[in-house]
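Under numbering that gives the first Met the number 0, the first residue of the sequence shown carries the number 0, and numbering increases by one thereafter.
For glycine and all other residues, C-beta sits at the position ideal for the given N, C-alpha and C.
All values derive from a computational prediction rather than experimental measurement.
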Amino acid sequence: MIDLALWLNPLNGANPSGEDLRNDPAFHELERLTESQKKVEYEGNNKSEVEVPIDWDSVLDKADELRSHGRDLRLLVIVTRALTHNGALAGLAQGLTLIAQTFDRHWDTMHPAL
Numbered sequence: 000m001i002d003l004a005l006w007l008n009p010l011n012g013a014n015p016s017g018e019d020l021r022n023d024p025a026f027h028e029l030e031r032l033t034e035s036q037k038k039v040e041y042e043g044n045n046k047s048e049v050e051v052p053i054d055w056d057s058v059l060d061k062a063d064e065l066r067s068h069g070r071d072l073r074l075l076v077i078v079t080r081a082l083t084h085n086g087a088l089a090g091l092a093q094g095l096t097l098i099a100q101t102f103d104r105h106w107d108t109m110h111p112a113l
């Protein structure tokens, strides 16, 4: 679970929602962490592809690093997915609360501009 207050506080600078993460390499790396990966395993002459589970704790850690850069709906959706995977319904509830409260507090400045 996350500390909602840290995610909801305005950021320093001219825009309380910070920067648009669209072109941020760290954000693209975070997106890659949420994509399913496969690895090839060999057993004798046989090879098979095995799906590697997503490390949702790492996703949350990387998302937290981006928290201080920008209030971005895409980031909040990734956080909500990670919270749901780690905390089931309680995680989903916290993620949806995060999105709803971010809309309430930062609608005019959040990214992407809607």
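For my contact list, residue i and residue j are in at a C-beta cut-off of 8 Å; report their separation, rounded to the angstrom.
| i | j | result |
| --- | --- | --- |
| Lys37 | Glu50 | 6 Å |
| Gly69 | Leu82 | Gly69 to Leu82, Cβ: 19 Å. No contact. |
Please classify residue i as buried or exposed, where buried requires at least 16 neighbouring CB atoms within 10 angstroms.
| i | result |
| --- | --- |
| Gly17 | buried |
| Thr20 | Here residue 20 is Leu; the residue named in the question, Thr, does not match the sequence. Buried. |
| Arg66 | buried |
| Phe26 | buried |
| Asp107 | exposed |
| Met109 | buried |
| Gly12 | exposed |
Are the C-beta atoms of residue i and some chain B residue less than 8 Å apart?
| i | result |
| --- | --- |
| Gly12 | Protein chain content of the structure displayed is limited to a single chain, and chain B is not contained in it. |
Any idea which residues DSSP pairs residue i with across the strands?
| i | result |
| --- | --- |
| Ser67 | Paired residue(s): none; Ser67 is not in a bridge. |
| Lys61 | Its beta-bridge partners do not exist; DSSP assigns none. |
| Asn45 | Glu42 |
| His105 | In DSSP, His105 forms no bridge with anything. |
| Gly86 | DSSP lists no partner for Gly86. |
| His27 | His27 is not bridged to any residue. |
Excluding sequence positions up to five away, which residues of its chain have a Cβ less than 6 Å from the Cβ of residue i?
| i | result |
| --- | --- |
| Trp55 | Ala81, His84 and Asn85 |
Who are the Cβ neighbours of residue i in its own chain at under 8 Å, not counting the five residues just before and after it?
| i | result |
| --- | --- |
| Ile77 | Leu29, Glu30, Thr33, Val58 and Ala62 |
Is the stretch 83-96 touching the stretch 24-35, taking contact as three or more C-beta pairs under 8 Å? Using a Cβ-Cβ distance cut-off of 8 Å, the stretch 83-96 and the stretch 24-35 are not in contact, since fewer than three pairs of beta carbons, one from each stretch, lie closer than that value.
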